[in-house]
Structure formats: C-alpha cells, structure tokens
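Trainee:
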Amino acid sequence: MPGNYTITDKEAGNIVAYLRTLDSATSSAQATGDAKKGEALYNSSGCSACHMIAGQGGSIGPDLSRIGAMRGASSLKARLQDPGANLPQVGEGGFGSKWTQYLMYRAVEKDGRAVEGVRVGEDSFTIVLKDAGGKFHGLWKPDLRSLEKETGKSFMPSFKDTLSATQQDDLVAYLMSLKGAQ
Amino acid sequence: MIAVSLLLAPPRSFAQDVTYEQLVRADHTPQDWLMYGGDYKSQRYSRLTQINRENVHSLKAAWMYQPNHPLQPFESSPVVVDGMMYVTEPLSTVTALDARLGTKIWTWSAHLPDKILTVGVHRSNRGVAILDNTLYMETLDAHLVALDAKTGAVRWTVHVDENDRGYAMTGAPRVLNGKVIVGVSGGDVGIRGFVDAYDAKTGKRIWRVWTIPSPGEPGSETWGKDMSGTGGGGTWGTGSYDPELNLLYWTTGNPAPDYNGSDRVGDNLYSDSVLAIDPDAGKLKWYFQFTPHDTHDWDAIQVPLLFDNTVDGKPRKFLALANRNGFYYVLDRVTGEFVAGVPFVTETWAKGLDKKGRPILLPNTEPTAEGNLVYPDGHGGTNWNSPSYSPQTKLFYVSAREIGAYTVAGKPKVDFPGFGGGGRNALSGDDSYGAIRALDVMTGKLKWQYKMLSPAETSTLATAGDLVFAVTDEGNFFALDAASGKLLWEFTVGGANAESNLITYEVGGKQYVIGASGNCFVAFSLP
Chain A
1 MPGNYTITDK EAGNIVAYLR TLDSATSSAQ ATGDAKKGEA LYNSSGCSAC HMIAGQGGSI
61 GPDLSRIGAM RGASSLKARL QDPGANLPQV GEGGFGSKWT QYLMYRAVEK DGRAVEGVRV
121 GEDSFTIVLK DAGGKFHGLW KPDLRSLEKE TGKSFMPSFK DTLSATQQDD LVAYLMSLKG
181 AQ
Chain B
1001 MIAVSLLLAP PRSFAQDVTY EQLVRADHTP QDWLMYGGDY KSQRYSRLTQ INRENVHSLK
1061 AAWMYQPNHP LQPFESSPVV VDGMMYVTEP LSTVTALDAR LGTKIWTWSA HLPDKILTVG
1121 VHRSNRGVAI LDNTLYMETL DAHLVALDAK TGAVRWTVHV DENDRGYAMT GAPRVLNGKV
1181 IVGVSGGDVG IRGFVDAYDA KTGKRIWRVW TIPSPGEPGS ETWGKDMSGT GGGGTWGTGS
1241 YDPELNLLYW TTGNPAPDYN GSDRVGDNLY SDSVLAIDPD AGKLKWYFQF TPHDTHDWDA
1301 IQVPLLFDNT VDGKPRKFLA LANRNGFYYV LDRVTGEFVA GVPFVTETWA KGLDKKGRPI
1361 LLPNTEPTAE GNLVYPDGHG GTNWNSPSYS PQTKLFYVSA REIGAYTVAG KPKVDFPGFG
1421 GGGRNALSGD DSYGAIRALD VMTGKLKWQY KMLSPAETST LATAGDLVFA VTDEGNFFAL
1481 DAASGKLLWE FTVGGANAES NLITYEVGGK QYVIGASGNC FVAFSLP
C-alpha cells in the first residue's frame, strides 16, 4: 500500500518539480510576444485591480509575482481566453487528495441573501467565500438554503475577443517574465 | 428523554488491577474504557447516558493534550481505568494522563533505532491493552513491551520479528486470559504475516499462526507457487473475541506484491480474510476470505464487530465487517458461514456476492499500465478505523468513503525490499466525499447517512444517549442523532488527516468523550 504519506519532503519536491515541467512541456514554455508591450497592456487593461505583482495591486485574484516560474506560455494564454476553465489543482486535502483552486460557488442563506465568491476555505461544516469585492464570507453550511459550485465561472473577464492574438501573446510574454524576487 | 445515571459498579481505588473477568464484562463498567473497541465484541458502544440527544448541543471542550514533539497524527484509541487514561503517541510512546484534568502523570518512549523500515505503514500507534496492572504496547520496530501501569516501568520486552525484513508494529494488542495477542504490518514489502500469542506474565511466545501457508499446507494450492516467505497478509488490525465460544477473530491484509497478481495465481489464502482462531491451541478453526486474489490493496483489517440477534426465534451469534472492498458482510461467527453481504459504498468491480459470499467479478476491473478507474480507491470504502454498533437502534455506524482511483499495474517486483506491482491515483477531493452511514446490522441496508466534505478515516462511537460521534478529515468533531442521523453538535479543531478513534468514559460524576485530530486529543464534557 505505498501511499503518498510515505514520501519524504525531498521526494515531494522532486514530484512538484516534475509536475511543473509537465505544465511547461504541454504548453510551449517560450513566449513569442513582446514583454514590454505586454506590461503596458497589463497596466492599461485593469489587471492590477485584482492581481498583485511584487506587492503592488489588488488581492482578489492570484498573486502573479512568480507566475512565469509556475506556468507555461500556452497555459497562460488559455487562461486569458477562458479564465474559469481547467482551474489548477492543489494537494492540500487528506491522503494527498487534490482540490480545485479558485473554484466559484453561489450560496443562498436562509433569509434569501445570496453570496457569490471564490472558495478560499472549506471543511464539512463551513465554507469561506471571497466575493468580487475581496470581502470574505464565512458560512455555516447547515444554515444555508443552497450551495452550488459554479464550474467554469470566474470573476476574471475573458480577453479572447477584447485583445488581439498579438496583444494576448505580448501579455503572456510579460507574465512569463515574472519569476519572482531574484 | 431524561438522562438517567446507570447503577455503576462501585468505584475502585485509582488505577487498581484490571482482571480478565472485568474485561469479559467491560460493557458493564462504562465509567472505564478498558480495551480497543470498548469490549471484546468491538462494538465501540457505551451505556453512558449523561451526554445525550437532549443536551449534547451544549458539549464543551474540557481539556486538550498535545505531545511535546509532534511527529505524525495521533491514531490512538485511549484506555481508561479508574480515572487514569493511557494514550499512545507516534512513534512508540505511551503517556498516562489524569482522565478528568488531562494532566500528564508519566510517559514512556521506546528507544528506537535511527532507521526503521516502514513501507506502506503509518508511523503511528493505535493504543495499549491492559491486564492486571500491566500495559502492553507494540513498537514500530516490531517489539512487544510490558509496562507497569502505575509508573511506566518496563516489566519485559520481546522481539517479535525482524524490522529489516519489513515487520513493523502499530496496532493495539488484544489481551485474553493470561495471553497477549498481536499482529504485524509489512504486507506491502512481502512479509509473511502472522498472529502471535505471548504469555502475559513472562512474555514467552505461546503460539504463532501464519497467514500464508507453507508448501503442502491447506491453502498453499491457492498461490500457484511457493510464496509462503513473501505473500504478505499483514495482521495490523486488532481482533475481537468471544469468551463463550473461546474464539479469537483476527483479520488479514493484502497479498504481495500489490496491484499485480500475475506472480501469485489463485485466491491467495489467507490474505484479505478473517481468521477464527482457537486461542488455547493456536489453531485455525475457520476462515472467510473477502477479496480472493486482491489486486487493489483492499486489506481486510477492518475491526470484526460481533453482535447477537434472534433469528426465527433462535438466538444467534454474528460477525459484521464493512470491508475496504466496498461490501458490508454478516457472517455466522460460530461456523464462518456467509449470511448477508451488500455494497455500502459505490463499487465498480463486482456484480455482487454469490451464495457463499464470493464476489462475482465484473470484466475490465484489473489494474492496467495506463490506470483503470475503479471504486472504491485503495484506501477503501472504509479503512482500519472502528465502526460502532448500538444494541438500542440495531444499526451499524461506519465512516464510508466515496472515492475511486486509477489503479496502475506495474511490473511485479518480488525482491525485498522493492516489493510492489503498481500503484494508484485517487480522484480529486472535489470528485469525492465521505459520509457516516447507518446500516441495518443484519442486512446492511442504508438507514441514513450524514455527508462530509472528504472521505474520512474516523471511527464512530455510539452511546446509549442516542448519539453517534465522529470526526471529519478536516478536524470537525460532531454528534449525530443515532436514530435519524440529524446533526446535533459540532466543534472544529482542525489538523490534517484526523484519524480518530473516539471513546467515552466517566470520572468524578462527569461523562467525557475524547478523540484526536492531527496532533491533539480533545476531551469534551457538559459544562
């Protein structure tokens, strides 16, 4: 019964490193666009209202300070076009279970008030959602009228039709240049 | 319902001797929790009623206990005698606590070697056994230790078997009249499993029952070739006992190598079975195999729960076991005859069970090189954590795991210690869930369920206060109405991989419920 709990930290690190190569390998790792133009687009498209880079920006979406070290170019481009699809999985559950990050939920409380947000914490009795304004809502599940996953949905708009293919490549090139503090 | 105080046995002085006769009647002294599973039937049920359906909503944390050097999550099922509690901690430590206050009285740790071989083994310990004034504990490096219950002083130590051959020990021993019974882990590295009996006074070994037969012995024809040295069949659960029949019921783990059966053609007796052993002779009386020729890591080490029932006007003795393979079984525990069996979780590998309880296999369910999705996953429909049974409701309460896994067949490696034949990739947390399920004890029919976020490895604890207690995988303690499954109380502790074995006891006129989550024991009582 060799399960995930038998691996050492070093082995876990090796597996993570391997998985990252998969992400880069399945999406061409090299960006083809112009990173300088991409940075300008990032600033003019309102990205920083939700995302943080090197401590500056909003905190509704994921921190992008090291995104170039974590994702491949085609993976980033796919997310620009359809932000709610193929959300990343992280292994923080029991026995090595993986969980979907940034999954959106809609909860309706008994008095009819609805909360829509990204799941940031959950156990069998509670769920914490972060709404579009970055506000946290801690909810007691047995008190809810309903709680539904909104698979495929994201607070982030799609840039598929609002940015040209070249502009998307430029933005991806900028994101790929973000490798965190040197 | 009105809470009634039971007529409890007269109080004894602090930590007095525990006789075999008291162990036989453990259910009559619910102020103590004398053994793994609560009594020899392993019903994990208490007659205490102070905490009940009407007042459980006001249950509060009374005290907590954490080890000085947390290493691995707690899996211990405490033993309580006259206000003294004995808990075990990873790796091989036992601590005596004041059961009312949580104050540490003494602690003892085994001197373990720097390197211990534990492949596929939680580096934890699931509890002690007590007889007279002696505690018995297994150590990770496969020793059995006898300690003075008042001080923790070592009375004797025996070397059960070689750790560098893959033998490790993590279970709670079972004590009978003058004997200590133990099992071993290591089925995934190709040990030859066994159940051992030791003299409780001297530590001298009395008998050994092998789980894998030698060539020429009954069952050896179920392997295709001699695998008696490496066939696995670990015995890492804790067995149950019927003093009237004088039969010990011990369960066995998966055959080796795991996930690929091409090197072991046949049913692979006595892996994934329950063995009924005559503890005086050390002889097998009967066996029942749940998963012949297992290729999915479905160890049958779940606790065999014994119950009695009247059928067609006749009192009968049964054994119930919710198996890792996804089926719930009822056997006649006198003869081993199959009585009933139904799935208690989603399972996709068998069409059902035949008249003798043998699974009717579905095609294309074997592990493949690419990975074949089969329910349940390798951790099973439930795992080692005790179920419970309430004679009041006649319901069997089990932590059910609704999860599948892609099982992968690799090349069988039969050279120690690289034993193995594949592995598995379980589905994500968002595609699985857990539940506490209440089954009709005779038929396995689902009466109610309470869903949890994740497939959990928790025991359940049933009480005469009409309650069932459990812990989620995320560390929420909770109580359900034993009859309806309605949620009545919850308390969040957190802690990854809560592998709790809940118990209850009474001291100083107060009933306590205690369980562990992560590296913390929490005792609860009414204000």
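So the protein lines, in turn, are chains A and B. Take the first sequence: its position 35, counted from the start at 1, is 35 in the numbering used here, and no numbers get skipped. Take the second sequence: its position 521, counted from the start at 1, is 1521 in the numbering used here, and no numbers get skipped. Idealized CB from N, CA, C, for every residue including glycine.
(1) Excluding the 5 residues preceding and the 5 following residue 1122 of chain B in the sequence, name in chain order all residues of the same chain whose CB lies nearer than 6 angstroms to its CB.
(2) Do residue 1259 of chain B and residue 1444 of chain B come within 7 angstroms of each other at the CB atom, strictly closer than that value?
(3) How long is the line joining the alpha carbons of residue 1183 of chain B and residue 1193 of chain B, rounded to whole angstroms?
(4) Name, in chain order, the residues that DSSP records as bridge partners for residue 1343 of chain B.
(5) Go through its chain and collect everything with a Cβ distance to residue 1487 of chain B's Cβ below 7 angstroms, but skip five positions before and after it.
(6) Roughly how many angstroms separate the alpha carbons of residue 1216 of chain B and residue 1210 of chain B, rounded to a whole number?
(7) How should residue 1113 of chain B be labelled, buried or exposed, when 16 other C-beta atoms within 10 angstroms of its C-beta is the threshold for buried?
(8) Does any CB atom of chain B fall closer than 7 angstroms to the CB of residue 140 of chain A?
(9) Using a beta-carbon distance below 7 angstroms, is residue 98 of chain A in contact with chain B?
(10) By Cβ distance, which residues of its chain are closer than 6 angstroms to residue 91 of chain A, with the 5 residues on each side in sequence left out?
(11) Would you list, in chain order, the members of the region 116 to 128 of chain A that have their beta-carbon closer than 8 angstroms to a beta-carbon of chain B?
(12) Going by DSSP in three states, residue 1285 of chain B sits in which element: helix, strand or coil?
(13) Using 8 angstroms for Cβ pairs, my map puts residue 1473 of chain B next to residue 1434 of chain B. What's the rounded Cβ distance?
(14) Please list the residues of the region 1439 to 1462 of chain B that have a C-beta atom closer than 7 angstroms to any C-beta atom in chain E, keeping them in chain order.
(15) Contact criterion: CB-CB distance below 7 angstroms. Does residue 1164 of chain B meet it with respect to chain A?
(16) Between the Cα of residue 1232 of chain B and the Cα atoms of B:1244, B:1245 and B:1251, which residue gives the shortest distance?
(17) Taking the Cβ atom as the reference point for each residue, do residue 1367 of chain B and residue 1401 of chain B lie within a distance shorter than 7 angstroms?
(18) Is residue 1524 of chain B close to chain A, meaning its C-beta is less than 7 angstroms from at least one C-beta of that chain?
(19) Residue 1490 of chain B touches chain A at which residues, Cβ-Cβ below 7 angstroms?
(20) For residue 61 of chain A, name the three-state secondary structure that DSSP assigns.
(21) On the DSSP bridge assignment, give the partners of residue 159 of chain A in chain order.
(22) At which residues does the beta strand (DSSP E) containing residue 1511 of chain B begin and terminate?
(23) Can you confirm whether residue 1308 of chain B, when its beta carbon is compared against all beta carbons of chain A, has any partner nearer than 7 angstroms?
(24) Quick check: what's the CA-CA separation for residue 1017 of chain B versus residue 1202 of chain B?
(25) Could you name the residues that DSSP lists as bridge partners for residue 122 of chain A?
(26) May I ask you to list the residues that DSSP assigns as paired with residue 1174 of chain B?
(27) Which first and last residues belong to the alpha helix (DSSP H) in which residue 35 of chain A is found?
(28) If I measure Cβ to Cβ from residue 1072 of chain B and keep anything under 6 angstroms in the same chain, skipping five residues before and after, which residues do I get?
(29) Going along the chain, which residues of its own chain have a beta-carbon closer than 7 angstroms to the beta-carbon of residue 1393 of chain B, five neighbours each way excluded?
(30) Thinking C-alpha only, which one of B:1127, B:1319, B:1426 and B:1263 is nearest residue 1411 of chain B?
(31) Is the beta carbon of residue 1406 of chain B closer than 7 angstroms to that of residue 1425 of chain B?
(32) For the structure I just gave you, are there three or more beta carbon pairs, one from the region 1133 to 1142 of chain B and one from the region 1159 to 1168 of chain B, closer than 8 angstroms?
(33) Under the assumption that residue 1158 of chain B contacts residue 1198 of chain B (Cβ atoms under 8 angstroms), give the Cβ distance between them as a whole number of angstroms.
(34) Helix, strand or coil: which one does DSSP assign to residue 48 of chain A?
(35) Which of the three DSSP states, helix, strand or coil, is assigned to residue 1122 of chain B?
(36) Would the region 1303 to 1318 of chain B count as touching the region 1463 to 1472 of chain B if we require 3 or more Cβ pairs under 8 angstroms?
Mentor: Taking the definition as stated:
(1) Cβ within range, chain order: n/a, list empty.
(2) In this structure, the beta-carbon distance from residue 1444 of chain B to residue 1259 of chain B does not fall below 7 angstroms.
(3) Rounded to whole angstroms, the separation of the alpha carbons of residue 1193 of chain B and residue 1183 of chain B is 8 angstroms.
(4) Answer is B:1327, bridged to residue 1343 of chain B.
(5) Apart from the 5 residues on each side of it in sequence, residue 1487 of chain B sits with its Cβ closer than 7 angstroms to the Cβ of 1450, 1478 and 1480 in its chain, given in chain order.
(6) So the alpha carbons of these two residues sit roughly 14 angstroms apart.
(7) Residue 1113 of chain B is exposed by the Cβ-count criterion.
(8) No, no contact with chain B.
(9) Closer than 7 angstroms to some Cβ of chain B, the Cβ of residue 98 of chain A qualifies, so yes.
(10) Excluding positions up to five away in sequence, the list reads 98.
(11) Within the region 116 to 128 of chain A, the residues whose Cβ lies closer than 8 angstroms to some Cβ of chain B are 122, 123, 124, 125 and 126, listed in chain order.
(12) Residue 1285 of chain B falls in the strand class under three-state DSSP.
(13) The Cβ separation is near 7 angstroms, so the contact holds.
(14) Reference to chain E is not applicable here, since the protein chains of this structure are A and B.
(15) By this cut-off, residue 1164 of chain B is not an interface position.
(16) Of the listed residues, the one whose Cα sits closest to residue 1232 of chain B is B:1251.
(17) Result no, Cβ atoms of residue 1367 of chain B and residue 1401 of chain B do not sit closer than 7 angstroms.
(18) So no, residue 1524 of chain B is outside the interface.
(19) Per Cβ cutoff of 7 angstroms: 125.
(20) Residue 61 of chain A falls in the coil class under three-state DSSP.
(21) Beta-bridge annotation (DSSP): residue 159 of chain A is not paired with any residue.
(22) For residue 1511 of chain B, the enclosing beta strand (DSSP E) stretches over residues 1510 to 1517.
(23) With a threshold of 7 angstroms between beta carbons, residue 1308 of chain B makes no contact with chain A.
(24) Near 17 angstroms, if we compare the C-alpha coordinates of residue 1202 of chain B and residue 1017 of chain B.
(25) The partner list for residue 122 of chain A (beta bridge, DSSP) reads A:127.
(26) Answer is B:1181.
(27) Boundaries of the alpha helix (DSSP H) harbouring residue 35 of chain A: 35 to 44, taken from the DSSP string.
(28) Listed in chain order, the non-local C-beta contacts of residue 1072 of chain B below 6 angstroms within the same chain comprise 1090, 1123 and 1124, local neighbours out to five positions each way being set aside.
(29) Within the same chain, residue 1393 of chain B has close Cβ partners 1482 and 1483.
(30) Across the set B:1127, B:1319, B:1426 and B:1263, the C-alpha of B:1263 shows the shortest separation from the C-alpha of residue 1411 of chain B.
(31) Contact flag set, yes.
(32) Yes, since at least three Cβ pairs between the region 1133 to 1142 of chain B and the region 1159 to 1168 of chain B fall closer than 8 angstroms, the two stretches touch.
(33) About 6 angstroms separates the two Cβ atoms, so the contact holds.
(34) Judged by DSSP in its simplified three-state form, residue 48 of chain A adopts helix.
(35) Per DSSP, reduced to three states, the secondary structure at residue 1122 of chain B is coil, with no helix or strand assignment.
(36) With a cut-off of 8 angstroms, the region 1463 to 1472 of chain B and the region 1303 to 1318 of chain B do not count as touching, because too few Cβ pairs lie within range.
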